[in-house]
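**Student:** In the numbering used here, the protein residues as written are 50 to 469. Where is the CB? At the ideal position from N, CA and C, for every residue including glycine.
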Ligand code: IMP
Ligand code: MG
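Structure below.
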């Protein structure tokens with residue numbers, strides 16, 4: 050029998066309980082699909098962490114399917130802010146037994162992961178996470194190389210945590226996998242040290258075949274939440290190369306975990322802000338003036354969760370969103386940070402005239418129509434017009450709107466109105 054990896058070691062070996070009997074549903078009810086996927090539609094920092102946390106009680110397993118310590122998912126619990134980098138954001142779900150998985154496509158910095166776990170332990174938060182044995186280990190060499198390039202003129206402005214160099218070395222068959230660190234033979238000094246560190250965290254981290262875990266849970270009827278890091282605009286292939294990070298497309302989940310499902314079964318939910326931020330270099334349509342950006346940054350706390358860098362801010366671009374929604378296979382949209390936009394007195398957005406917006410590096414000249422979304426001053430007063438117009442522009446169903454960083458500050462959107 051496949052071992053059931055769970056937060057509660059006593060339950061290992063027992064069958065996971067299907068969430069149909071879950072008693073812990075929070076206010077934010079989401080699709081009944083067995084698998085749900087959360088993906089960012091812009092350039093990261095759309096509030097995916099908050100949304101995962103808000104819907105977490107509906108699920109049994111939380112799977113990070115891409116990225117690494119470059120991610121920063123901010124979650125507020127009991128008025129305290131947590132910045133998670135590698136631990137899946139479902140950690141705060143109300144269920145006693147939960148399975149946290151870091152999948153095969155992920156890049157893992159074991160030292161930072163242990164620090165993250167220690168930080169959670171100091172607040173009495175129980176953590177038990179399974180790292181896939183195929184995951185790439187970020188080495189100190191990768192971090193050093195990334196740091197050397199990070200701030201050099203002409204660089205793309207990475208987070209400096211070693212992602213690019215680790216991916217390059219993986220392709221060169223030079224990097225270590227999590228399985229290598231776990232082995233007793235052919236250790237380097239670094240992997241030996243990491244193995245000792247893992248021994249200290251033995252009861253909280255395991256290196257395992259998570260493909261087996263995920264498929265076992267799938268067959269047992271558990272509900273799985275796949276959590277994306279970074280976003281479609283930063284995808285290595287579909288993002289705006291070379292200003293990109295790693296693979297972010299939800300379709301990769303199927304190959305990562307060898308799942309015999311169609312993309313439609315993954316119930317993909319795209320998360321977007323009503324404005325856009327970018328923390329590194331690269332194209333930013335509708336980039337705000339320094340003055341507007343400064344205001345937005347303060348209202349929206351738009352500073353990198355991983356690097357602390359001030360994020361660049363831009364007005365919403367439907368040119369960017371429309372293809373991102375299409376190619377990711379998004380089935381519904383959650384709009385976050387509407388309260389932040391409410392504080393602004395400007396709301397421009399853009400779309401291509403009369404046709405399908407396209408990717409372009411110089412869209413300013415091609416914006417034939419510049420549609421301005423209606424203004425509102427507070428969410429209860431006029432924002433429904435904004436959301437219904439936006440829905441038309443992006444041609445995709447918005448189902449929930451988040452209007453604050455606390456749990457419960459979400460409202461369903463249906464029949465062109467908020468369901469307060
Ligand atoms: P890297 O992922 O550190 O290699 O950085 C590549 C690009 O992706 C840079 O522009 C980063 O700022 C950006 N990036 C990577 N991870 C995130 C994230 O979690 N949020 C926002 N931007 C990110
Ligand atoms: Mg972030």
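Using 7 Å as the cut-off, classify the Cβ of residue 277 as near or not near the heavy atoms of the ligand IMP, replying yes or no.
**Tutor:** No.
**Student:** Does at least one heavy atom of the ligand IMP sit under 7 Å from the Cβ of residue 212?
**Tutor:** Yes, Cβ of residue 212 sits closer than 7 Å to a heavy atom of the ligand IMP.
**Student:** Go ahead and pull the three-state DSSP assignment for residue 468.
**Tutor:** Coil at residue 468, not helix or strand.
**Student:** Report the CB separation of residue 176 from residue 187 in whole angstroms; it is logged as a contact under 8 Å.
**Tutor:** Their Cβ separation, rounded to whole angstroms, is 20 Å, which puts residue 176 and residue 187 out of contact at 8 Å.
**Student:** From 92, 369, 373, 257, pick the residue whose C-alpha is nearest to that of residue 306; which is it?
**Tutor:** Of the candidates 92, 369, 373, 257, the one whose C-alpha sits nearest the C-alpha of residue 306 is 257.
**Student:** With hydrogens ignored, establish whether the beta-carbon of residue 120 is closer than 7 Å to any heavy atom of the ligand MG.
**Tutor:** It does: the Cβ of residue 120 is within 7 Å (strictly closer) of some heavy atom of the ligand MG.
**Student:** To the nearest angstrom, how far is the alpha carbon of residue 434 from that of residue 250?
**Tutor:** Their Cα atoms are separated by approximately 51 Å.
**Student:** Under 7 Å: does the beta carbon of residue 343 sit that close to some heavy atom of the ligand MG?
**Tutor:** Result no, Cβ not under 7 Å from the ligand MG.
**Student:** Could you check how far apart the C-beta atoms of residue 437 and residue 383 are, in whole angstroms? I think they sit under 8 Å.
**Tutor:** About 16 Å separates the two Cβ atoms, so there is no contact after all.
**Student:** Rounded to whole angstroms, what's the CA-CA distance from residue 268 to residue 148? Just pull it up for me.
**Tutor:** The alpha-carbon atoms of residue 268 and residue 148 are separated by roughly 15 Å.
**Student:** Looking at residue 389: is its Cβ nearer than 8 Å to the Cβ of residue 90?
**Tutor:** In this structure, residue 90 does not lie closer than 8 Å to residue 389 by Cβ.
**Student:** Taking only the alpha-carbon atoms, compute the straight-line gap between residue 453 and residue 385 and give it to the nearest angstrom.
**Tutor:** Each residue's alpha carbon lies about 8 Å from the other.
**Student:** Tell me residue 321's beta-bridge partners as DSSP assigns them.
**Tutor:** According to DSSP, which records beta bridges pairwise, residue 321 is partnered with 384.
**Student:** Nearest to residue 207 by CA position, among 460, 446, 447, 358, is which residue?
**Tutor:** For the residues 460, 446, 447, 358, the minimum Cα distance to residue 207 belongs to 358.
**Student:** Give the secondary structure of residue 160 by DSSP, where H, G and I count as helix, E and B as strand, and everything else as coil.
**Tutor:** Here residue 160 sits in helix by DSSP.
**Student:** Taking Cβ to Cβ, would you say residue 320 is nearer than 8 Å to residue 366?
**Tutor:** Their beta carbons are not under 8 Å apart, which means residue 320 does not touch residue 366 by this criterion.
**Student:** Relative to the alpha-carbon of residue 292, which residue among 460, 328, 372, 255 has its alpha-carbon at the smallest distance?
**Tutor:** Of 460, 328, 372, 255, the residue nearest in Cα terms is 328.
**Student:** Around the Cβ of residue 290, are there at least 16 other Cβ atoms within 10 angstroms (buried) or fewer (exposed)?
**Tutor:** Exposed, because fewer than 16 other Cβ atoms sit within 10 Å of the Cβ of residue 290.
**Student:** Please determine if the segment 100-118 and the segment 334-347 are in contact, where contact requires at least 3 C-beta pairs separated by less than 8 Å.
**Tutor:** Flag = no, the segment 100-118 and the segment 334-347 do not touch.
**Student:** Apart from the five residues just before and just after residue 312, which ones in its own chain have a Cβ nearer than 6 Å to its Cβ?
**Tutor:** So the list reads 300, 378, once near-sequence residues are dropped.
**Student:** What number of angstroms, rounded off, separates the C-alpha of residue 144 from the C-alpha of residue 108?
**Tutor:** About 9 Å.
**Student:** Using only alpha-carbon positions, find the residue among 422, 274, 146, 427 that is nearest to residue 443.
**Tutor:** Closest option to residue 443, Cα to Cα, is 422.
**Student:** Can you tell me whether residue 208 is helix, strand or coil according to DSSP?
**Tutor:** Note: residue 208 maps to coil in three-state DSSP.
**Student:** Could you tell me the distance, in whole angstroms, from the CA atom of residue 457 to the CA atom of residue 146?
**Tutor:** Whole-angstrom Cα-Cα distance: 22 Å.
**Student:** Starting from residue 111, follow the beta strand (DSSP E) in both directions and report where the run begins and ends.
**Tutor:** Per DSSP, residue 111 belongs to the beta strand (DSSP E) from 110-113.
**Student:** Is the number of C-beta pairs between the segment 193-204 and the segment 220-230 that are closer than 8 Å three or more?
**Tutor:** No: fewer than three Cβ pairs fall under 8 Å.
**Student:** Once the 5 residues before and after residue 455 are set aside, which same chain residues still bring their CB inside 6 Å of it?
**Tutor:** 125.
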